[in-house]
Every structure is written in C-alpha cells, then in structure tokens.
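Numbering (the working numbering), first residue to last: 218 to 513. C-beta atoms are modelled at their ideal positions from N, C-alpha and C, and glycine is treated no differently. These numbers come from a predicted model, not from an experiment.
As structure tokens, then:
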C-alpha cells in the first residue's frame, strides 16, 4: 500500500533536518513524524534515516525513494484540490519576497486580496530569492516573489512552478556632477576609478555588478555593503560611491542624482508556487493580486 503520510514525513525530514522542525512545518507532533517514518521503514524493510549530530540525514535508499516519489506527491496534492471542488478562499498564506518587491506593491496587493475576506490571512516574510524559493520548496512558505537577471538565469526544481510578472531594469546611479552623468550610456571603464556601494556578497545584485565589470577584465571597488537601496542612494548623494539600483520600488532620485541605464541589466520578476498547489483557489487568488499589483 502506498504510504503517503510516511513519504510526506520523510520529505519534511529531508528538507528541515530535524524531527522537531519537520513536525513544526507539517503541523504534527515530533512523535507523529517519527512514527510515520518508522512505519515506512518497516514496510520497505530498509533504513531511511541516520543520525548526524543533532540532525537527521537520509540514507541513499531514502534519497532514491524521494527522487522517485516527488512527482507523485505533487500530482496527489494537485488532484486533491481538483477533486475537492472547493472554491472557498480562506486560510493562512505565507508569502516570501525580496525587499523591493515588498516596497513596490505587496502591501497593496495583500490589502486588496484580503478585502472582504475575514477568513483569509496573509503573512509576509522578507527573503532573498534563493531563500524564498527554498522556503516554498520546503513548505515554509506558500508563495515566493523572486527575481533573477535575464542573462544569469536561475534553474528552479521541478517541484516549483513560476509565473512571469514583469521585467525590471536597473540603472547606475551617480551624482549629477559626476562626469559620466553627462552621457546617456556608460561603460564599466568609465567607472573603474569609482568606489561602489553594493548589496552583500552572494546576492543577485552583487553578482550582476561583479559580472558587469568582469566582462571587461575589471573589478569594482566596493567600499560599502547594504541590503537597503535607500542607503545606496544616500552614499551616492554624499559623493562617496556609485550604485547599481533596480527601478522596482526605487525612491525618487531628486535633482542631485542621475540614473544611467546599465546595458543588459534586466531583472525577471516572477511568482512561484509548488507544482502540486497550482489548483489551490486560495493561492491562485493571492497570486493574481500579487501579479496585478507588481505588474501594473
């Protein structure tokens, strides 16, 4: 007999690493998770987990089992929503999104999505795109708002489905009295002697800034890192640095700053759900409002 509960518990252990965290994600007690996994082990006649310090790791047999079962679990999840025939929009939804998307339109989207729907609640978690996608994949969020550079695409796991929202350009921001501000375009060579303010290493904006210079055999001199683009603009305004700032959610620059388009710097913004939940009417409702607000 197919043990769906055992497979779901095993998947949660893989994604979260401890029985306690897996139980929290599933809404079970830790003992219930352990019982489901042990029952699955008995049915298969194979060990599925092994201790690793304070965490639990899956055995090779368990990894193979989940690799084969993952598409089936997604299909079962999708079939449940279709067969239930429920069109009721209710429940608790968690949205993970990057900072400028939150600033640009997520509050308005969620206000309209929940208007007149007292049984629907939405929680927002600020997260960079990599973390946001992982949260959805592991069940810690229901929807993610992601971005990637068009020239630096990200590959999502097959368990996630993405819907395009908009293409967002980015500009190099300099002071109006900075020499490159006199032109309509610029090259990294023109800014090779400038200091830069950037998001932290490992973030997508930092990755693009590095690649923009690397294509010309150069490396930007980064003197400040911050996840807050308003701080970037403050540093530029003070004459301390140049900055690469996306347009989505960007504050007005004022007369003392100039935005010069960065060639090829286009972010693709999308919303992501688990493949098995594309037929969930509540998530479809929230996603529709997110797309309408951010893509307007």
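Residue 294 carries a helical assignment under DSSP once its states are collapsed to helix, strand and coil. Taking C-beta atoms as the reference points, residue 425 and residue 369 count as a pair closer than 8 Å. Distance between residue 235 and residue 498, taken at the CA atoms: about 31 Å.
Pairing residue 378 with residue 489 gives a Cβ-Cβ distance under 8 Å. A direct Cα-Cα distance of roughly 10 Å separates residue 418 from residue 439. Here residue 223 is buried. Its C-beta has 16 or more other C-beta atoms within 10 Å. Taking the Cα positions, residue 228 is about 7 Å away from residue 283. Taking each of 491, 408 and 502 in turn and checking the Cα distance to residue 373, the smallest one comes out for 491. Linking residue 409 to residue 381 through their CA atoms gives a straight-line distance of about 34 Å. Judged by DSSP secondary structure, residue 311 falls outside any alpha helix (DSSP H) and instead within the beta strand (DSSP E) spanning 308 to 314. Of the residues 505, 274, 506 and 494, the one whose Cα lies closest to the Cα of residue 294 is 494. Excluding residues up to 5 positions away in sequence, 459 lie with their Cβ nearer than 6 Å to the Cβ of residue 411 in the same chain.
DSSP, reduced to helix, strand and coil, places residue 451 within a helical segment of the structure shown.
Under DSSP, residue 501 shares a beta bridge with no residue.
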